[in-house]
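**Student:** Here it is, the structure in full.
Residue numbers (our numbering): 139 to 442.
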């Protein structure tokens, strides 16, 4: 089985909490990640939107674009508006041969609002979830027809956060919308990561290997503190530096035959947790557990 290891630039500069960012250029971010052993990088705010500009930067760094976040609003806005907004991203991602676009639902979400406590997250009724699942499936099918598959990201403080919400969304959506399994977000939400992999492995096409510090999470007052408060306090980190057993998690993916990207997405304060050091820690741990699970980790970066 083959696997690819990527990172998210959120370790260097945070798109939601700008204060959790270091003064590091895109080129330096890519160079540090590549030096740690990662061959892919997801898109962040310092990436150019022109493939003619992006491709030489990726080639020089010897990395590929392995995904990127789209802020979807299908829970409260129509398909046409979301199609219009995602079309330039589809065109860009096709031009640079990215594997997928990560769909993150921000409609009604409180994930980007530091004034909203975790306990006030939006919840969908059963009928709302049914309608939402159908709408997201239709959108995913349309994106695939344009030549770029989506990967649905369940997320803290959004309408699909908990394991029961994820199960419900998966029941009411179809194969047209694949799943991104994020170990850290599911653990933060109190879910069972291994059970979720067992239940939904047939739809998983992208993986975020985000670790968590359960001591930080357990100490939160969810009636007062927000998702961004938790991030600032250090709720997330890289594999090998947190509380999750990635040996068991990666083995479970292997048991189900998953092949593809494992992306480290670990937002934290880069001044307290230097991104290069964290990248090295995460890569070392992933190589250990990948090898034990029988994966061959691809080492080629930008295509020759």
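Yeah, the Cβ is synthetic: ideal placement off N, Cα and C, and Gly gets one too.
Please work out which residues of its chain come closer than 8 Å, Cβ to Cβ, to residue 281, disregarding the five sequence neighbours upstream and downstream, and give them in chain order.
**Tutor:** The residues are 224, 228, 239, 287, 288.
**Student:** Quick one: any contact between the segment 361–369 and the segment 386–394, if contact means 3 or more CB pairs under 8 Å?
**Tutor:** As far as the Cβ criterion goes, the segment 361–369 does not touch the segment 386–394, which means the pair count is below three.
**Student:** Under 7 Å, do residue 323 and residue 294 count as touching if we go by C-beta distance?
**Tutor:** Cβ atoms of residue 323 and residue 294: closer than 7 Å.
**Student:** Under the three-state reduction of DSSP, which class applies to residue 405: helix, strand or coil?
**Tutor:** Residue 405: coil per DSSP, three-state reduction.
**Student:** Return the chain-ordered list of same chain residues with a C-beta closer than 6 Å to the C-beta of residue 275, the five sequence neighbours on each side being excluded.
**Tutor:** Excluding positions up to five away in sequence, the list reads 311, 312, 314, 315.
**Student:** For residue 410, collect the residues of the same chain with a Cβ closer than 8 Å to its Cβ; drop the 5 residues on either side in sequence, then sort them by chain order.
**Tutor:** Excluding positions up to five away in sequence, the list reads 372.
**Student:** Count the other CB atoms within 10 Å of the CB of residue 261; is the residue buried (16 or more) or exposed (fewer)?
**Tutor:** Its Cβ having fewer than 16 others within 10 Å, residue 261 is exposed.
**Student:** Could you please give the first and the last residue of the uninterrupted beta strand (DSSP E) stretch that includes residue 205?
**Tutor:** Start and end: 202–210.
**Student:** Considering only DSSP beta bridges, list what residue 239 is partnered with.
**Tutor:** The partner list for residue 239 (beta bridge, DSSP) reads 288.
**Student:** DSSP three-state label for residue 171, please.
**Tutor:** Three-state DSSP puts residue 171 in a helix.
**Student:** If contacts are defined as beta-carbon pairs under 8 Å, then residue 336 and residue 252 qualify, I think. What distance do you get, rounded to the angstrom?
**Tutor:** Wrong, their Cβ atoms sit about 35 Å apart, outside the cutoff.
**Student:** Rounded to whole angstroms, what's the CA-CA distance from residue 429 to residue 414? Just pull it up for me.
**Tutor:** Going by the C-alpha atoms only, they are around 22 Å apart.
**Student:** Residue 259 to residue 266, Cα distance in whole Å?
**Tutor:** Approximately 15 Å between the Cα atoms of the pair.
**Student:** What does the alpha-carbon distance come out to for the pair residue 195 and residue 170?
**Tutor:** Answer to the nearest angstrom: the Cα atoms are 14 Å apart.
**Student:** Figure out for me which residue from 185, 154, 234, 231 has the closest Cα to the Cα of residue 167.
**Tutor:** Among 185, 154, 234, 231, the Cα nearest to that of residue 167 is on 185.
**Student:** From the DSSP output, which residues share a beta bridge with residue 179?
**Tutor:** DSSP output for residue 179 lists 145, 203 as bridge partner(s).
**Student:** List the residues that DSSP assigns as beta-bridge partners of residue 247.
**Tutor:** Beta-bridge pairing links residue 247 to no other residue.
**Student:** Compute the Euclidean distance between the alpha carbons of residue 422 and residue 263, then round it to the nearest angstrom.
**Tutor:** Each residue's Cα considered, the two are about 43 Å apart.
**Student:** Give every residue of the same chain whose Cβ lies closer than 6 Å to the Cβ of residue 427, excluding the five residues on either side of it in the sequence, and list them in chain order.
**Tutor:** For residue 427, where only same-chain residues beyond five positions count, the Cβ hits under 6 Å are 384, 385, 388.
**Student:** Is residue 213 helix, strand or coil by DSSP?
**Tutor:** Correct three-state label for residue 213: coil.
**Student:** Please classify residue 343 as buried or exposed, where buried requires at least 16 neighbouring CB atoms within 10 angstroms.
**Tutor:** Flag for residue 343 reads buried.
**Student:** What does a CB cutoff of less than 8 Å around residue 332 pick up in its chain, not counting 5 residues either side in sequence?
**Tutor:** Same-chain partners within the cutoff: 386, 387, 390.
**Student:** Let's test the definition: count the other Cβ atoms within 10 Å of the Cβ of residue 232 and tell me whether it reaches 16, buried, or not, exposed.
**Tutor:** So residue 232 ends up on the exposed side.
**Student:** Taking all protein chains shown into account, decide if residue 351 is buried (16 or more other Cβ within 10 angstroms of its Cβ) or exposed.
**Tutor:** Residue 351 should be labelled buried.
**Student:** So the candidates are 370, 416, 393, 399; which of them puts its Cα closest to the Cα of residue 380?
**Tutor:** When only C-alpha atoms are compared, the closest one is 416.
**Student:** Throw me the rounded Cβ distance for the residue 407 and residue 158 pair, which I believe falls under 8 Å.
**Tutor:** Between residue 158 and residue 407 the Cβ distance is about 5 Å, and since that is below 8 Å, they are a contact.
**Student:** Going by beta-carbon coordinates alone, are residue 432 and residue 404 separated by less than 7 Å?
**Tutor:** Cβ distance not < 7 Å, so residue 432 and residue 404 don't count as in contact.
**Student:** Residue 187: buried (16+ other C-beta within 10 angstroms of its C-beta) or exposed?
**Tutor:** It is exposed - the Cβ of residue 187 has fewer than 16 other Cβ atoms within 10 Å.
**Student:** Distance check for residue 442 and residue 230, CA to CA, integer angstroms please.
**Tutor:** Taking the straight line from one Cα to the other gives about 20 Å.
**Student:** Comparing the CB of residue 423 with every heavy atom of the ligand FAD, is any distance shorter than 6 Å?
**Tutor:** What this structure holds is no ligand at all, so the ligand FAD is not there to describe.
**Student:** In the DSSP assignment, the beta strand (DSSP E) including residue 345 goes from what residue to what residue?
**Tutor:** Looking at the DSSP string, the run of the beta strand (DSSP E) that includes residue 345 is 342–346.
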